[in-house]
Amino acid sequence: MTNWPTLGIICIAIISSAGSTNKAHAVSPDSCLIVGELIGAKRKNVILFKASESPLVHRITIPVIGNAFRYKMESSHPEAYMVVPEDDFLEGPMRPMIIFTEGTVTLKLHPVSRYEENRVNGGSLNQEYQRYQASLRQTFREKWATTVRLWEAVEADSLKKDEALALDSVLRSETLDWEFQYVSNNRTLVSYYILKNYAMLNADEKHIFSRVKELYPAFVSAFPNHPYTSLIGFIVKGKTSLEDERRFIDFEAEDLEGNAVDLQSLLAPKATLINFWASWCGPCIIKTRTMLPIYEKFKNKGFDIINVAREFDNTDALKNLLERENHLWKTNLVDLNGKYSIWEKYTINTRAGMMVLIDGYGNVLAVDPTADQVNDILAGLAM
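With numbering that gives the first Met the number 0, the residue at position 319 of the sequence shown is 318, and numbering never jumps.
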């Protein structure tokens, strides 16, 4: 199956929604009541999680009685959440429904095969998000359909992939311009959510990230205490430190016994390779193995490797992996369930892992280098 870049970014955010605010349930200003109906699902649970977090880190399982579910949550800062039937969460494909936790929100939720029948009502933020979606669909529906036909032509070998990518890039640029104009013109929490998405998902694309940084200060002023402010702040600071200032970002993590450890206290005198990885990330494991001869060559010359794992619920899988891999270096840290926000600080939001090579002074020598690049850099340090 060919990857469709534009649709992959855009269509997942488009939900079918309509209706007006439900006034049947009164709630306090600092809480949100979610009342819904699950239709056509096998399992009797609904999964709710923040749109800024992985459901593997934090999720709420809401039981369904009959076809109905109800959940009240404290929400001093309304924000976007995702809702999905447990069937789709466990079996896939997963296409969550986006809601904003404000006042009373009523839902009609279906399995992914009937996704277009989903409905959300209640709250001014949900109404704004529906208007935004409707306007986006109206503006780009025909162009999206053209993009689908482009990639169908690639699959049929009647159009070269490079040509399709070029045309797709034009459409993506138009969509970006439209969305950033919307964000600029509407300093609302819905716009902040859109800005947050671009900060998290597109931080490595400089032309997009520069627009995020340009718009961010105005939203900090409007929402100084909102979780999106600190989240985007982590990302902006991380990108600036790594790419502009070329300085590593210190952090705390835990060793395998649960003790908090400061990274800077573990750095080698000449150079350290910080290996952000996970027990469930195959590419991370493979790349880590390529560093074995590098470590063997420079281990007695002031060089070390520090593993920092992103794990969920417990470290059992990590410990089993370490026993199996038997690395020559022995420093292993873990950020369990994102407790220390390390992946946000290093802007690894859309990836399981990354490597950062730093010198003994904390200067960044390379971001995500290959083994050959690490070898060449260390050789040049006269170690």
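We put the beta carbon where it would ideally sit given N, CA and C, even for glycine.
On a predicted model such as this, the values are computed, not experimentally measured, just so you know.
Below 8 Å, enough C-beta pairs join the region 122 to 139 and the region 180 to 189 to call them touching: three or more. Residue pairing of Tyr70 in beta bridges, as defined by DSSP: Ile33. Put simply, of Ser123, Val373 and Ala381 the residue whose alpha carbon is nearest the alpha carbon of Thr105 is Ser123. With respect to the 9 Å criterion, Leu158 and Leu149 are classified as neighbours on the basis of their beta carbons.
Looking at the backbone, the Cα of Val333 and that of Cys31 are separated by about 34 Å. The three-state secondary structure of Asn258, taken from DSSP, is coil. Three or more beta-carbon pairs separated by less than 8 Å link the region 344 to 362 to the region 282 to 294, which places the two stretches in contact.
Counting of Cβ neighbours within 10 angstroms places Lys329 among the exposed residues, the total staying below 16.
For the pair Ala163 and Asp254, the Cα-to-Cα distance works out to about 48 Å. DSSP places Thr146 within a helical segment (H, G or I) once states are collapsed to three.
Straight-line spacing of the CA atoms in Lys43 and Glu85 works out to 7 Å. In the DSSP assignment, Phe99 forms a beta bridge with Ala79. Inclusion of Ile248 and Lys344 in the CB contact set at 9 Å is warranted, their separation being smaller than that value. The distance from the Cβ of Phe275 to that of Lys238 is about 15 Å, inconsistent with a contact at the 8 Å cut-off. C-alpha of Arg113 to C-alpha of Met72: approximately 27 Å in a straight line.
Contact between Phe179 and Arg140 is absent: CB atoms are separated by about 20 Å, not below the 8 Å threshold. For Leu272, DSSP records a beta bridge to Ile304 and Leu356. An exposed status is given to Asn319, since fewer than 16 other beta-carbon atoms sit within 10 Å of its beta-carbon. Shown here, Asn299 sits in coil according to DSSP, grouped into three states, outside any helix or strand. Of the residues assessed, Tyr360 falls on the exposed side of the cut-off, its CB having fewer than 16 other CB atoms within 10 angstroms.
Look at the region 104 to 158 and you find these whole runs of alpha helix (DSSP H), each 4 residues long or longer: 123 to 154.
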